[in-house]
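Residue numbers (UniProt numbering), protein chains in the order written: chain Z, 1 to 691; chain P, 1 to 412.
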């Protein structure tokens with residue numbers, strides 16, 4: 001009976017899970033042997049292992065590795081060495097490192113050279129690289145793949161790609177020589193093939209003239225800014241200024257700048273954001289992000305100039321979360337615009353926007369926003385920890401990232417609040433929550449998220465509180481109907497006919513006389529066709545959209561009744577259910593309700609209301625044990641914590657004096673006890689004696 | 001995965017032992033709307049079941065709803081000879097294709113003949129069996145229940161269940177129909193100090209019997225004796241007094257009204273009062289309860305002495321003679337007349353209850369508090385002492401509103 005005890009224990013009490021250890025950044029140093037020991041020991045074993053790995057890490061130098069790993073690429077070792085001894089002159093690193101592929105000019109010869117010369121060393125590079133990228137048991141699979149026919153056939157190309165990758169990761173320094181830099185960048189951007197990357201040579205028109213190189217990606221830069229703020233001043237006006245200074249007798253202008261590079265940066269480029277980079281990785285990332293990189297001959301640094309000219313959708317009304325009263329603007333796909341939309345609402349210096357790079361192959365921009373004087377630093381730390389640990393090739397969407405950082409992936413409930421409304425994000429931030437913005441997606445995550453957040457709409461707050469309360473209750477009714485109405489229909493018609501008023505019962509019975517299916521089959525047919533219509537309605541091309549309406553009305557309408565497939569009352573049940581599910585404001589939550597509805601129908605058909613009750617019990621048990629970034633999902637109802645009267649029904653605005661307790665903000669108070677200053681002091685109960 | 005698995009396991013384990021496994025569609029059941037019990041012809045009982053025919057009531061599958069056809073086809077009756085009530089249910093399945101279900105039963109009809117023999121023994125299965133609902137009405141019909149149910153066609157409804165329900169619901173707005181449904185009937189039957197009154201019903205008489213045309217109060221009739229033409233086949237009026245599961249006698253409409261006044265289920269009635277100044281003309285008044293009746297019981301010389309006060313109020317509906325009784329100084333005259341008229345009813349009823357030896361007015365509930373323990377109360381044997389009790393009833397009636405006419409002018 002131990003399983004029974006375990007089961008009961010599981011239901012009644014769930015031990016808070018230990019947070020997993022911080023992500024193993026720099027996993028490339030991890031001995032593959034450790035990884036390959038199959039770790040099907042559960043979370044604890046994994047934790048031990050990672051701890052063990054940490055201790056081992058210092059010793060995991062190339063020399064101590066055994067087997068295959070011993071021969072692991074002098075190349076990689078050197079690159080790592082270069083990284084560690086940060087002072088190594090850049091040209092050295094470049095010479096000893098891989099970008100020699102670029103030297104060979106044509107790619108074909110480069111590949112062949114690689115194949116011929118370095119073949120032995122290459123394979124280990126591949127293995128090592130794969131080990132670096134993937135953690136855990138994925139390594140084994142990847143290693144097998146490394147031997148695939150395609151990889152063998154194009155081993156040269158693979159090696160070249162890995163060499164570039166390795167160089168970027170190692171943060172190889174720039175070269176002094178402009179031609180050398182140009183060669184490397186050509187290799188990195190695959191320039192003869194790739195028509196997007198532009199490497200434009202120019203001459204800075206000073207006396208003496210300097211050769212320079214401007215690198216950018218065509219299409220993502222604003223060419224007007226480039227022309228007016230970079231090329232024109234550098235090529236045409238650069239000497240004018242020096243002459244003017246000379247005429248004014250300011251001979252010391254040369255002394256004011258450290259060198260020519262500094263002079264260009266300080267005096268010659270009228271660009272609003274300028275940064276200096278000294279390695280290829282930073283240059284490449286910035287160039288990919290829409291900036292332009294300026295290389296000057298003789299300097300091992302590059303100027304990164306702000307020339308972003310992405311094309312993006314302009315701010316438009318919310319598509320998903322429409323409100324009647326309230327701001328009518330939504331986030332767009334451009335993260336900078338999104339942060340500005342939030343900042344437009346919260347104009348306080350404590351609002352912090354931190355950028356975090358996530359992902360391996362295409363590092364994306366992800367920002368977290370929070371109030372430095374409100375948000376719980378533990379919460380902020382946890383969000384950052386999770387985001388920084390995420391690795392993957394393609395995580396450009398909020399939905400993908402959400403799945404990487406949520407607490408319990410097996411639950412149907414969404415555990416982050418996704419919204420496209422800046423006002424909602426701002427309200428969350430002002431409560432002490434943290435917003436996660438992802439570039440390229442108009443949806444912003446707000447964490448932590450509770451059940452009650454999912455059932456709220458910003459509209460509740462914007463209309464007067466009795467009305468807000470009313471519409472919120474309506475929404476809960478909608479939730480009940482969407483989740484349980486079909487199940488109740490099945491349970492009552494099949495098991496509890498004494499529930500039904502006699503008149504209705506006889507009407508239902510009479511209407512069912514010619515229906516050949518049992519109620520459960522009937523309702524499954526109707527629910528399935530409704531889901532089909534809803535899914536098709538989203539996927540259908542707009543031009544043929546009206547067809548769906550007609551066809552759908554036939555299925556879910558009088559035709560189905562006339563054909564004696566379903567009974568008429570069922571149409572009402574399905575329709576009310578559908579309307580109820582549309583009243584749920586959160587799309588992911590609505591989806592989970594759609595799925596759970598079928599579970600409840602199944603339970604109801606099994607044993608009526610008892611089944612629904614048992615299912616509900618388990619459902620609530622799951623919800624109560626769920627956590628979102630450490631915050632219980634059902635808070636403040638279970639566990640009960642202090643909060644303003646605003647989680648289930650909507651209280652008056654002037655009574656919402658404290659921030660929610662569950663985020664444990666740095667400041668509890670939201671507004672003073674008397675937030676309506678025009679009330680006579682002492683005119684209200686409890687305010688007496690306050691001056 | 002472990003969680004999901006344990007959830008599924010839990011659901012299966014919890015549901016499978018507790019599951020009912022009686023999934024059944026409503027169109028697989030025969031819905032019994034009323035059960036009638038008669039003395040059997042060739043067995044102990046004749047049980048009559050009224051089974052609704054849904055397709056004629058609802059109009060099956062988009063067809064025309066039944067136009068009624070004079071109520072024909074809304075139900076069928078099946079009469080079976082059996083030993084007990086529930087064995088009839090088993091037999092019923094032999095003659096009906098659908099499984100008989102009693103959970104929507106509205107009426108239990110006992111024939112008067114059976115009721116006078118005693119029907120207490122049939123209550124046990126009704127109170128115990130899960131399909132019966134205690135909100136069903138207990139009806140005693142004159143004649144055979146079999147015939148009563150078969151001929152009791154609804155005139156306004158298609159649904160015979162609704163017809164039965166609404167027939168008894170008249171207790172809410174007339175004084176002539178007793179309130180006691182099965183639950184109250186059963187509780188009252190099994191507790192000393194009060195006796196139940198079942199609804200008295202009958203089929204209409206073949207030809208109305210008219211007596212003299214002398215004025216008679218409407219409440220003096222009872223089911224089966226209402227002089228009328230037309231209307232439904234069934235009449236419900238008056239009550240059947242029971243004690244220990246045995247019917248003792250009948251009450252007419254007025255007596256049922258008094259019983260309801262003392263039981264607190266009286267809602268309103270209309271009194272036709274002969275005008276004190278013009279005896280051939282009537283004043284029509286509405287009577288409603290004002291307060292719960294005050295009942296005091298004393299026990300002297302071993303016998304109870306009961307003093308009761310009925311507190312009523314009401315409005316003037318009509319004054320045929322046009323005499324202006326609505327003047328403040330005249331109102332007491334009217335009130336006194338009403339009190340006298342009601343008091344006569346009350347005294348009749350009390351006399352009837354003492355004569356039958358059944359305290360259906362519930363005085364015993366007030367006497368109960370004079371005894372410290374239940375055994376003392378039971379040992380007192382109220383039902384034996386009550387017929388010899390001295391009962392004094394006082395009626396207190398107030399007129400609240402004089403109607404829409406304030407100053408009345410006689411018709412010129």
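All C-beta atoms in this analysis are idealised placements derived from N, C-alpha and C, irrespective of residue type, glycine included.
Below 8 Å on the Cβ atoms is my contact criterion, and I expect residue i with residue j to pass it. Report the Cβ-Cβ distance as a whole number of Å.
i                     : j                     : result
residue 752 (chain Z) : residue 426 (chain Z) : Missing from the structure shown is residue 752 (chain Z); chain Z here goes from 1 to 691 and no further.
residue 332 (chain Z) : residue 315 (chain Z) : 6 Å
residue 182 (chain Z) : residue 214 (chain Z) : Not quite, the Cβ-Cβ distance comes to about 11 Å (not below 8 Å), so this is no contact.
residue 359 (chain P) : residue 195 (chain P) : 6 Å
residue 248 (chain P) : residue 239 (chain P) : Residue 248 (chain P) to residue 239 (chain P), Cβ: 11 Å. No contact.
residue 214 (chain P) : residue 139 (chain P) : With a Cβ gap of about 31 Å, residue 214 (chain P) and residue 139 (chain P) do not count as contacting.
Within 10 Å of its beta-carbon, does residue i have 16 or more other beta-carbons around it, so buried, or fewer, so exposed?
i                     : result
residue 180 (chain P) : buried
residue 41 (chain P)  : exposed
residue 678 (chain Z) : exposed
residue 105 (chain P) : buried
residue 196 (chain Z) : exposed
residue 402 (chain Z) : buried
residue 6 (chain Z)   : exposed
residue 256 (chain P) : buried
residue 318 (chain Z) : buried
residue 355 (chain Z) : exposed
In whole angstroms, give me the CA-to-CA distance for residue i and residue j.
i                     : j                     : result
residue 219 (chain Z) : residue 320 (chain Z) : 30 Å
residue 301 (chain P) : residue 345 (chain P) : 28 Å
residue 221 (chain P) : residue 237 (chain P) : 8 Å
residue 101 (chain Z) : residue 585 (chain Z) : Only weak support is given to the placement of residue 101 (chain Z): the predicted model assigns it a pLDDT of 39, under 50, and the question is left unresolved by the model.
residue 290 (chain P) : residue 312 (chain P) : 5 Å
residue 371 (chain P) : residue 378 (chain P) : 9 Å
residue 669 (chain Z) : residue 658 (chain Z) : 4 Å
residue 295 (chain P) : residue 363 (chain P) : 7 Å
residue 337 (chain P) : residue 177 (chain P) : 25 Å
residue 575 (chain Z) : residue 515 (chain Z) : 19 Å
residue 706 (chain Z) : residue 530 (chain Z) : The question about residue 706 (chain Z) has no answer here: the residues shown for chain Z are numbered 1 through 691.
residue 745 (chain Z) : residue 492 (chain Z) : In the structure as shown, chain Z begins at 1 and stops at 691. Residue 745 (chain Z) is therefore absent and cannot be evaluated.
residue 341 (chain P) : residue 224 (chain P) : 25 Å
residue 454 (chain Z) : residue 416 (chain Z) : 9 Å
residue 392 (chain P) : residue 172 (chain P) : 28 Å
residue 628 (chain Z) : residue 605 (chain Z) : 33 Å
residue 625 (chain Z) : residue 13 (chain P)  : 21 Å
residue 226 (chain Z) : residue 307 (chain Z) : 6 Å
Could you name the residues that DSSP lists as bridge partners for residue i?
i                     : result
residue 399 (chain P) : P:314
residue 524 (chain Z) : The partner list for residue 524 (chain Z) (beta bridge, DSSP) is empty, contrary to what the question assumes.
residue 79 (chain P)  : P:48
residue 449 (chain Z) : Bridge partners of residue 449 (chain Z): none, in fact.
residue 612 (chain Z) : DSSP, once it has assigned bridges, lists no residue as partnering residue 612 (chain Z).
residue 625 (chain Z) : Per DSSP, none; premise fails for residue 625 (chain Z).
residue 292 (chain Z) : Z:305
The ligand FAD heavy atoms versus the CB of residue i: any closer than 6 Å?
i                    : result
residue 13 (chain P) : Ligands in the displayed structure: none, and consequently the ligand FAD is not present.
Check whether the region 278-294 of chain Z and the region 163-173 of chain Z touch, using three or more Cβ-Cβ pairs below 8 Å as the test.
yes
Three Cβ pairs or more, each shorter than 8 Å: is that satisfied between the region 457-475 of chain Z and the region 601-611 of chain Z?
no
Flag this pair as touching only if the region 450-468 of chain Z and the region 323-330 of chain Z have three or more C-beta atom pairs under 8 Å; answer yes or no.
yes
Counting Cβ pairs, one atom from each stretch, are 3 or more of them under 8 Å apart for the region 629-642 of chain Z and the region 501-514 of chain Z?
no
Given 8 Å as the limit, is there contact between the region 393-408 of chain Z and the region 437-456 of chain Z, that is, 3 or more CB pairs closer than that?
yes
So, do the region 639-658 of chain Z and the region 554-565 of chain Z have three or more beta carbon pairs nearer to each other than 8 Å?
no
Counting Cβ pairs, one atom from each stretch, are 3 or more of them under 8 Å apart for the region 42-55 of chain P and the region 78-96 of chain P?
yes
For the structure I just gave you, are there three or more beta carbon pairs, one from the region 318-336 of chain P and one from the region 388-405 of chain P, closer than 8 Å?
yes
State whether the region 371-381 of chain Z contacts the region 661-676 of chain Z, with contact taken as three or more CB pairs (one from each stretch) at a distance under 8 Å.
yes
Below 8 Å, how does it come out for the region 125-144 of chain P and the region 90-110 of chain P: are there three or more Cβ pairs, yes or no?
yes
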